[in-house]
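Protein chains in written order, with the numbering used here: chain A, 1 to 384; chain L, 385 to 768. The beta carbon of each residue, even a glycine, is placed where N, CA and C say it ideally should be.
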């Protein structure tokens, strides 16, 4: 297996895009190629993620992007795994390059739903859940994650103030990120006064619908001469599934797919959670960040919420979590989210994260969840 | 690179499915696993193709299928490449298994659009084309392929009778296939009397919209003991792209993506077109079969149509083409089509194709096109 690197990464500002998904995807892909410094002709495959491209009446986006990039002969496919789509694309790129099938590959995630009304956008999002047993019975993601939050609260006494601390921290980080959808701090008081969306989750527990695009260039170590930027060495690329429907899971205080993927990833990387300096985790709701930190093994079950509230996960804390602002504040353009997490880690490794720069950047972990954990990707990166 | 086999394959009858895509996909996956005889616990990844799952309000189909199969922890992703989606999924499975990342993988393609009216179904299909420069200007696939047919006719004198011969042959084959959407023969007179859809293409030049599902089990040679059925050795798995928009191509008498993928596939397999005993090619329109046979190198440009009309591509001809009935008669359930071609080759290799059995089955080729050739997959198979 060849050592495989992320050699370039780029994103646009998440939020509301005036341009089409196709245009945004092409733009960030060009930027990522430019950052990488590698000859675009070395790209052997483009893995596009655009789960809800149908909302723009456009499937089969790969050939359009490749043609615009001047790489018409390069094959492509669109990879969808709900909110973990572009981390699934990164996994494909890793396998192709590490396995020696390609020298380099491009991963692009993009989503645009802001031209739809909220009901239509919500109905696209809900397609990631189980239409027969969840959506059709009225379940939406806020409701499903609220169920998880209730279970966690009941078993571990997780408080509103602790969930609020996640939102406050991620907004504080997002305020320092020029690519974030929400670039404003909030106070715990603002959080506690915000309306309940699905008890116990309030408005500020929920990530927004965002448009956005992010791209990552992956290459085999031996084909990169002197890299233009400090690369991320992919030490682990692991994916997993779990019982799709929440009603069939024995426990609702965490996501089994996170535990399975994390265990495989740490085994691949040959390190444990204590080695990780900072992490981007999938905080579609504040409770998701709490569960992720426990399921990934950073904290014992029931301990992450208090640790976060005590400041351990802030930029200067013991384990900075979501320095980008996370899905909560940076935003959640479904298919761009996973690639966007890697962009943040790339910026941090290159010490270009400005006011949100974390102190130590030797090892990082990216955690991306599909829906309520039917899918999960965990990637671990280190310096050369 | 490990020798990689197709060890199981199954399809339902294409046409109109009463069950959901999810149910059909699960059923054919179970059947393919059953045929393979391998322990389902060896499956390490499920590659689902379901380009237009949104038409059933269901994305993220993999975890639902895996959960139903009793494999909830197995990761999955949905692979879309327009009409070449499940051959793109097969390519991923091949890379993962041949590269040693997995012992076995499941490829499932499914599509259900028959519950929509024709206009809505057409608008889903059209998303495989370029929405900004083709669809928005009124181009649909019959019109785009009619343009290719005109160019071919103008340069090589391809006649209606020659295109009709493709339809007559594929309907004759489909009439012998219990899985085919259309199981009836047509005469050349019927073809010539059928209405013009987009000149020069008539009704019987066009494949139907079909529902359908097909599944393939891929495994590394060394993990298969005594196979339950004669496996297909994957000698080549190649994909390519080409300039997405037809107006930017220098020539319209063929598909450059087919030539690129074929050239890579024959190089991988170490054989030439003369070695192939029979082939399943992408005949979404009759002209597509003619172009495929030329672009794949089976015939010089401008010679395939006459050869077909002379009977060379019939079941007992020199090179049987589309013994299944092809997209034309077996049907075209977009995301199931590529996997379905492999099911046919599996049946032929196992001498279970009944009245449509071709005489020689040592080497076969499957050719699957996305849209008007923005994407293409070519797989080459042989016996052990």
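Rounded to whole angstroms, residue 205 of chain A and residue 468 of chain L show a C-alpha spacing of 40 angstroms. Between residue 246 of chain A and residue 158 of chain A, the CB-CB gap reaches or exceeds 8 angstroms. Two segments are said to touch when three or more pairs of C-beta atoms, one from each, lie closer than 8 angstroms; by this definition the stretch 374-384 of chain A touches the stretch 230-238 of chain A. Assignment of residue 508 of chain L by DSSP, reduced to helix, strand and coil, places it in the helix class.
Shortest Cα-Cα distance from residue 396 of chain L to any of L:729, L:692, L:601, L:597 involves L:597. Taking a cut-off of 8 angstroms for Cβ pairs, the stretch 33-42 of chain A and the stretch 494-503 of chain L do not touch, as fewer than three such pairs fall below it.
Chain A places a beta carbon closer than 8 angstroms to that of residue 754 of chain L, counting this residue as a contact. In terms of beta-carbon proximity, residue 137 of chain A stays away from the interface with chain L, with every pair separated by 8 angstroms or more. Residue 535 of chain L and residue 75 of chain A have their alpha carbons spaced roughly 25 angstroms apart. Taking 8 angstroms as the cut-off, the beta carbon of residue 94 of chain A is found no closer than this to the beta carbon of residue 281 of chain A. With the rule of 3 Cβ pairs closer than 8 angstroms, the stretch 715-729 of chain L counts as touching the stretch 426-445 of chain L. Linking residue 584 of chain L to residue 226 of chain A through their CA atoms gives a straight-line distance of about 56 angstroms.
For residue 69 of chain A, same chain residues with a beta-carbon under 7 angstroms away, outside a window of 5 residues either side, are 26, 29, 30, 40 in chain order. For residue 429 of chain L, the enclosing beta strand (DSSP E) starts and ends at 427-433. Rounded to whole angstroms, the separation of the alpha carbons of residue 290 of chain A and residue 141 of chain A is 17 angstroms. From the beta-carbon of residue 240 of chain A, the residues of chain L found nearer than 9 angstroms are 457, 458, 459. Counting along the chain, residue 613 of chain L sits inside no beta strand (DSSP E), nor does DSSP assign it H or E at all. Short of 6 angstroms from the beta carbon of residue 473 of chain L, and not among the five residues preceding or following it, lie these beta carbons of its own chain, in chain order: 431, 433, 463, 491.
Apart from the 5 residues on each side of it in sequence, residue 128 of chain A sits with its Cβ closer than 7 angstroms to the Cβ of 82, 83, 370, 371 in its chain, given in chain order. Counting along the chain, residue 692 of chain L sits inside the alpha helix (DSSP H) bounded by residues 688-693. For residue 28 of chain A, no beta strand (DSSP E) encloses it; the enclosing alpha helix (DSSP H) starts and ends at 21-36. A:277 is the residue among A:277, A:6, A:266, A:306 whose C-alpha sits nearest the C-alpha of residue 358 of chain A. The beta carbons of residue 676 of chain L and residue 697 of chain L sit no closer together than 8 angstroms.
Counting C-beta pairs closer than 8 angstroms gives three or more between the stretch 302-310 of chain A and the stretch 161-172 of chain A, which meets the contact rule. Collapsing the DSSP output to three states places residue 449 of chain L in a helix. Among the residues of the stretch 485-508 of chain L, those with a Cβ less than 7 angstroms away from any Cβ of chain A are 485, in the order of the chain.
Residue 63 of chain A is classed as buried because its beta carbon has at least 16 other beta carbons within 10 Å across all chains shown. Going by DSSP, residue 494 of chain L is part of the beta strand (DSSP E) stretching over 488-495. Rounded to the nearest angstrom, the gap between the Cα atoms of residue 401 of chain L and residue 595 of chain L is 6 angstroms. If you look at residue 765 of chain L, you'll find it in the beta strand (DSSP E) that goes 759-766. Within the stretch 601-614 of chain L, no residue places its CB atom closer than 8 angstroms to a CB of chain A.
Within the same chain, 661, 766, 767 come within 7 angstroms of residue 746 of chain L by CB-CB distance, once the 5 residues on both sides are set aside.
Ranking A:203, A:230, A:179 by CA distance to the CA of residue 15 of chain A puts A:179 first. For the pair residue 57 of chain A and residue 176 of chain A, the CB atoms are not nearer than the 8 angstroms cut-off. Ranked by how close their Cα comes to the Cα of residue 144 of chain A, the residues A:284, A:174, A:9, A:87 have A:284 in first place.
At a Cβ-Cβ threshold of 8 angstroms, residue 682 of chain L and residue 703 of chain L count as neighbours.
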